[in-house]
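For reference, the structure discussed in these notes is given below.
There are 2 protein chains.
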Amino acid sequence: MRVGQLAAATGVDVETIRYYEREGLVPAPPRNASGYRAYDEAAVRRLTFIRHCRSLDVRLADVRQLLSLLDCPDRGCGTADAVVDAQIVRVRERIASLHALEATLVALRSRCASPTTSASCRILEELARPA
Amino acid sequence: MRVGQLAAATGVDVETIRYYEREGLVPAPPRNASGYRAYDEAAVRRLTFIRHCRSLDVRLADVRQLLSLLDCPDRGCGTADAVVDAQIVRVRERIASLHALEATLVALRSRCASPTTSASCRILEELARPA
DNA sequence: CTCAAACCCTGTAGGGGCTACGGAGTCAAG
DNA sequence: CTTGACTCCGTAGCCCCTACAGGGTTTGAG
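Chain order of the listed sequences is A and B. Quick note: the first sequence uses the numbering used here, first residue 1, plus one each step. Quick note: the second sequence uses the numbering used here, first residue 132, plus one each step.
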């Protein structure tokens, strides 16, 4: 299959596939007579794996580690556990900080219920103070 | 005051201040005899404003809009309201999607309670499936 | 058979918001 | 007089794509 079909099969953009190839996340496939990339089912599986990871916001550096686990089935999977654990921690931290941010923004917004001139806007006034 | 003192006064990194100047968020200050930037209190106020916005994760493009409101005190402050409202929406969306992500990750993690070999790791198995 | 649309190729530049050099000049304290 | 902290400028890197530009190829409709 060609790159466009691989893209359709996996939901990964064509340009992104070529980017992953440049980055070494997917191996460079053989080419047909016209120089087009020719992929097999293994490529579909590998790219699906990457896409799934990315949908979980796992960084490419971590995806790389997980892929190397896949490539060496004998190694222990402690790395996979660690990657997922670290990801959970990151996500929870981001949720917490976004909650705080939301509260701050709502408080800020409530300072200017009705539009006025910018000179007297309490939002701008507040933003002019240190955080 | 020089750029280092401005940085200390506002908590904005020196390199970042120069970056903001290149981007036109802060005006280019006058220079002393040696070519060093010489800032005044207005620069402190402007940079403090920007820093406060950034601490609220407001994008520089939006910060730019808010700054232009500050520069024209006669204009209505509907723009400021809109920026904050949009920011609240963005933050809430991110929180929601992070919550979903967290749940997915926790479910994934629970599939591999005890480390095994990567060939039989249920986390890797799951990641190999489409999202 | 012809022609246009849709695909594919490579390489490079841009985005956001900094951050980190390298290689130089300046200034105050010891 | 020297050391160290500061400043200057310009450029490259970070992450993960995304979007060209300027070509060649395949496919299907007329």
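Built from N, CA and C at the ideal position, the CB exists for glycine as well. Note that the structure is predicted; figures quoted are calculated from it, not measured.
Review point. What residues are listed by DSSP as bridge partners for Thr104 of chain A?
Key: Answer is none; Thr104 of chain A lacks a bridge partner.
Check your understanding: For chain A, is any of its Cβ atoms less than 8 Å away from the one on Glu172 of chain B?
Key -> Answer no: the Cβ-Cβ gap between Glu172 of chain B and chain A never drops below 8 Å.
Point to revise | Uninterrupted beta strand (DSSP E) stretches inside the stretch 148 to 186 of chain B (no shorter than 3 residues) | key: The qualifying runs do not exist here; there are none.
Check your understanding: When you compare only the Cα positions, how much space is there between Asn163 of chain B and Leu198 of chain B?
Key -> So the alpha carbons of these two residues sit roughly 26 Å apart.
Exercise for review: Figure out for me which residue from A:Leu105, A:Glu126 and A:Pro73 has the closest Cα to the Cα of Ala250 of chain B.
Suggested key: Nearest in C-alpha terms to Ala250 of chain B, of all of A:Leu105, A:Glu126 and A:Pro73, is A:Pro73.
Check your understanding: Which word fits Gln5 of chain A, buried or exposed, when buried means at least 16 other C-beta atoms lie within 10 angstroms of its C-beta?
Key -> Exposed: under 16 other Cβ atoms inside 10 Å.
Review point. Counting pairs of beta carbons, one from the stretch 138 to 146 of chain B and one from the stretch 214 to 231 of chain B, are three or more of them closer than 8 Å?
Key: In short, these stretches do not touch, since the Cβ pair count stays below three.
Check your understanding: Thinking just about the alpha-carbon of each residue, which of A:Asp85, A:Ala103, A:Ser114 and A:Glu125 is nearest to the one in Cys243 of chain B?
Key -> Considering only alpha carbons, the answer is A:Asp85.
Exercise for review: Quick one: which residues of the stretch 100 to 120 of chain A get their C-beta closer than 7 Å to a C-beta of chain B? List them in chain order.
Suggested key: Cβ contacts with chain B come from Leu101, Glu102, Thr104, Leu105, Val106, Leu108, Arg109, Cys112, Pro115, Thr116, Thr117, Ser118 and Ala119.
Practice item. Drop a sphere of 10 angstroms on the beta-carbon of Arg129 of chain A, count the other beta-carbons inside from all chains shown, and report buried for 16 or more, exposed for fewer. Key: The residue in question, Arg129 of chain A, is exposed, as its Cβ has fewer than 16 Cβ neighbours within 10 Å.
Practice item. For Thr141 of chain B, name the three-state secondary structure that DSSP assigns. Key: In the structure shown, Thr141 of chain B sits in a helix (DSSP, three-state: H, G or I).
Point to revise | Sequence-distant residues of its chain with Cβ nearer than 6 Å to Met1 of chain A (five each side left out) | key: Contacts found: Tyr39.
**Study point:** Per-residue burial, Val89 of chain A [other beta carbons within 10 Å of its own, 16 or more giving buried]
**Key:** Around the beta carbon of Val89 of chain A, fewer than 16 other beta carbons lie within 10 angstroms, which makes this residue exposed.
Point to revise | Where the alpha helix (DSSP H) through Arg59 of chain A begins and ends | key: Boundaries cannot be given for Arg59 of chain A, as no alpha helix (DSSP H) includes it and DSSP labels it neither H nor E.
Check your understanding: Roughly how many whole angstroms lie between the Cα atoms of Ala28 of chain A and Cys208 of chain B?
Key -> Distance between the alpha carbons of Ala28 of chain A and Cys208 of chain B is about 55 Å.
Practice item. With a cut-off of 8 Å on the beta carbons, I'd call Asp62 of chain A and Val83 of chain A a contact; round off their distance for me. Key: The pair is a contact, with the Cβ atoms about 5 Å apart (cut-off 8 Å).
Point to revise | Coarse secondary structure for Thr248 of chain B, derived from DSSP in three states | key: Thr248 of chain B: strand per DSSP, three-state reduction.
**Study point:** Member of B:Gln218, B:Leu236 and B:Ala238 whose CA lies at the smallest distance from the CA of Asp102 of chain A
**Key:** Sequence check: residue 102 of chain A is Glu here, not Asp. Of B:Gln218, B:Leu236 and B:Ala238, the residue nearest in Cα terms is B:Gln218.
Review point. Going by alpha carbons, who is nearest to Ala47 of chain A out of A:Thr117, A:Tyr36 and A:Tyr20?
Key: According to the sequence provided, residue 47 of chain A is Leu. The question's Ala does not apply to it. Comparing Cα positions, the closest option is A:Tyr20.
Check your understanding: How would you write the range of the alpha helix (DSSP H) that Arg122 of chain A sits in, first residue to last?
Key -> Per DSSP, Arg122 of chain A belongs to the alpha helix (DSSP H) from Arg122 to Leu127.
Review point. Got a sec: is the Cβ-Cβ distance from Thr48 of chain A to anything in chain B below 8 Å?
Key: Taking Cβ atoms only, chain B reaches closer than 8 Å to Thr48 of chain A, which makes this a yes.
Check your understanding: Do you know offhand how far Glu154 of chain B's Cα is from Leu25 of chain A's?
Key -> Counting only the Cα atoms, Leu25 of chain A lies some 35 Å from Glu154 of chain B.
Practice item. Using a Cβ-Cβ cut-off of 8 Å, state whether Gln218 of chain B counts as contacting chain A. Key: Gln218 of chain B counts as touching chain A.
Point to revise | Alpha-carbon spacing of Val145 of chain B relative to Ala211 of chain B, whole angstroms | key: Spanning the two alpha carbons is a distance of roughly 27 Å.
**Study point:** Euclidean distance between Cα positions of Arg182 of chain B and Glu93 of chain A
**Key:** Those two C-alpha atoms are separated by around 21 Å.
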